[in-house]
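To start, the structure under review is shown below, and the notes come after it.
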Amino acid sequence: MGELGFVDFFVIALYFVLLFCFSALVSRHQLRAQSAFASTETYFLAERSVTWVPIALSLFASNIGSEHFVGLTGAAAQDGISVGWYEVGAVPVILMLGFFFYPTYLNSGISTTPEYLEQRYTSPCKTIVVVCSLFLYVFSKIAATLYASEILLAELVNMNRVVAVILLIFGTTVYTVLGGLEAVIYTEAIQTIVLLLGSFLVLGYSLVAVNGVVGLKEELDSSFFHIFRPATDPDFPWTGFIFGFFVVAPWYWGIDQVIVQRALAGKNIAHGQLGCVGAAFLKFFTFFLMVVPGLCARVLLNRDRQVEGGEELPPINFNRAYPYLILNVAPDNSKGFIVAGMLAALMSSLASVFNSSATLFTLDVWRPLFPHHDEQKLVNVGRVSVVVLAIFAVLWLPVIPLLGKRFFLVIQFPPALVAPPIFAVFFWGMVSRYPRKQAGLWALVFGFALGLTRFLLDIVEAVSGDKMFGGFTSINFLHFAVINFAASSGVLFGLSAILNLCPPNRFLDDGTQASDFMFFQTNIFDRLMRQSDERRSLSSGLTFGDAIELPRLSSNRNSDSLRLVEGSDADLIGDDDTEDQAEEQPAAEGSSISLRERWQGKKKSKVVQFCMGKLFIRSLALTIILLWVIEVGFLA
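In the numbering used here, the protein residues as written are -10 to 625.
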């Protein structure tokens, strides 16, 4: 087995030096901006100024962590390409974020996804989801990332792995605390490039070592090459993939703060949606970059007779399949760059969880408890939250070896228990006016209680070693997710009918509340598409009634003075934009400039205007869907 040499360690060290120099530059810019005016939007949402390329790369990096290199590749080596559905199936769900959830969030003017539940339902709904999300982050995402990192470092780096993990946590914490979301996003963009290049190298070297796809088919059983397995399969039933996956995945890609926060940082809806389209395109490659190397590792391990059941050598933990490929397949002097890509995945995952957890805690827990705190204090609370999470991460290190060998399925299990009720109240609240406010709360309580019951019973059976609860705990977790979603939806609509309350959309004299909108209103969507960068952040605070019925009113929201002028086409004039308006188009006092005119007045080339247009973005999305259908048909 090969080992990392001097050149490899030099490359790793050089990568970290360059990475921290880059993150220091971004953090310095962020600190200067905060010194002028510290705000939660600057620290947690990067001033809503990120373009689509960093958004796409950051979305991808937030999803692809070291647990993919360990869990996904290991599951492929053990069970075949069926596990690849978690990557293939994510493509349409990412587009669902861009074209379903994201416009909804923009119109509601939220900073965190649980805030939508507070607007649409009640404040306790938000609190329940925030607490659940924070527990999942600490006890699932952070634990999974650190467990995978320990495996990688134990196989690849000849040093104390606990010390190595602590150093990585420390480095990630530093640039996350200082730079906020802006530093996290732009650092993740660099890490994604390194990650992709290193992964393509491993894929190429692995295929060469096994004589390509032909060699894989010759040496592996045909069952390894079917992505859909019988409905009775205990781990990868096709019914679970078709139904259960599309209950859990929308929570992860469309509701979870770790992912959605990147889209919310976009300059406008066009950049946010293009970022989602770009992330969906990148997601195509993870099947080949993670699953196919797992098959190659199985072939090579078979040749070495190091698979389970071998008579001469002890059983192997398939979670070490990917580091096995790096050490045995990659040429000398290239291993360092590949390892750097894997460490980049670790750091990007941790940074995403740290920043999003701090955002939820600060904006949804701390700010309601201490409403008198100014923006600077809230930013400081966010920084302290990141440090506390880092300490929790270090304390997790002695516990994570208990996670077990079938690691990828282990990390998929907890979200499948709690995601269905969250997705139910979000989805039905967005597409239907019927669900009542109180019904949303009880649907969440019922769904969480059902999932927690399943989780506790599984623990009891694992400790006792006896399947004492029969069919309830033997149901595949994806099948259970469908049942939980259906039951939570039934509670939501059934209780809504029983309560016989007034519809949540109450049209008052001054318009409808921002929480009572329907995202698919065409004119709202069109106005957002035409907005300039400055306008988008202002209009996100508008009510649904303001934008639809154009009432004649004056209002103050978020310290921005907005004025809707009679006869205008949803014209927005902020007091701080008077000078910009005068430069763009001379106008008499009191006159208005429509959003379409402001968009067209910007100095943008025709190519840029076309690429930012609805037709182009939707065409890209449809192209990706077509490619996805072709890929699924081929793999089936």
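Every residue gets a Cβ at the ideal spot worked out from N, C-alpha and C, and that includes glycine.
Remember, it's a predicted structure, so these values are computed and weren't measured experimentally.
query                                                                                                             : result
Pairwise C-alpha distance: residue 197 and residue 98                                                             : 51 Å
Residue 374, enclosing alpha helix (DSSP H) - first and last residue                                              : 364 to 385
Residue 378 versus 365, 354, 343, residue with shortest Cα-Cα distance                                            : 343
The region -3 to 14 touching the region 201 to 217, judged by at least three CB pairs closer than 8 Å             : no
Given 8 Å, three or more beta-carbon pairs between the region 31 to 43 and the region 259 to 270                  : yes
Test item: CB-CB of residue 467 and residue 229 under 8 Å                                                         : yes
Nearest to residue 268 (by Cα), restricted to the options 45, 615, 457, 33                                        : 45
Cβ distance (whole Å) where residue 15 is taken to contact residue 171 below 8 Å                                  : 6 Å
Opening and closing residue of the alpha helix (DSSP H) in which residue 85 lies                                  : 79 to 85
Distance, residue 55 Cα to residue 331 Cα                                                                         : 6 Å
C-beta atoms of residue 307 and residue 63 nearer than 8 Å                                                        : yes
Touch test, the region 29 to 38 against the region 106 to 123, Cβ-Cβ under 8 Å, three pairs minimum               : no
Same chain, Cβ closer than 8 Å to residue 362, five either side skipped, listed in chain order                    : 355, 356, 370
Assigned secondary structure, residue 360 (DSSP; H/G/I helix, E/B strand, else coil)                              : coil
Residue of 125, 437, 438, 462 minimising C-alpha distance to residue 449                                          : 462
Between the CA atoms of residue 433 and residue 90 - distance to the nearest angstrom                             : 19 Å
Closest by C-alpha distance to residue 234, when choosing among 186, 94, 76, 129                                  : 76
Pick from 87, 615, 334, 232 that is closest to residue 177, judged by C-alpha positions                           : 334
Closest by C-alpha distance to residue 382, when choosing among 125, 47, 312                                      : 125
Outcome for residue 10 when other beta-carbon atoms lying within 10 angstroms are tallied against a minimum of 16 : exposed
Nearest candidate by alpha-carbon position, reference residue 347, set 86, 372, 273, 80                           : 372
Cβ-based neighbour list, residue 512, same chain, cut-off 6 Å, excluding 5 preceding and 5 following              : Residue placement at residue 512 is flagged as unreliable, the pLDDT there being 42, under the threshold of 50; the coordinate-derived value follows with that caveat. For residue 512, where only same-chain residues beyond five positions count, there are no Cβ hits under 6 Å.
Cβ-Cβ distance between residue 236 and residue 471 below 8 Å                                                      : yes
The alpha helix (DSSP H) enclosing residue 312, as first and last residue numbers                                 : 310 to 317
Straight-line Cα distance separating residue 480 from residue 159                                                 : 45 Å
DSSP beta-bridge partners of residue 39                                                                           : 255
As assigned by DSSP and simplified to three states, the class of residue 218                                      : strand
Whole-Å CB distance - residue 68 paired with residue 328, under 8 Å assumed                                       : Not quite, the Cβ-Cβ distance comes to about 26 Å (not below 8 Å), so this is no contact.
Alpha carbon of residue 428 to alpha carbon of residue 292, nearest angstrom                                      : 58 Å
Beta-carbon proximity check, residue 345 vs residue 168, cutoff 8 Å                                               : no
Own chain, CB closer than 8 Å to residue 277, minus 5 neighbours either side, in chain order                      : 192
Entirely enclosed alpha helix (DSSP H) segments - the region 85 to 134, minimum 4 residues                        : 91 to 97, 103 to 109, 112 to 125
Given residue 312 as reference, the closest of 225, 367, 142, 323 once Cα atoms are compared                      : 142
Bridge partner(s) assigned by DSSP for residue 226                                                                : 218
Neighbour-count burial assignment, residue 245, 16 or more Cβ in a 10 Å radius                                    : buried
Member of 204, 253, 359 whose CA lies at the smallest distance from the CA of residue 286                         : 204
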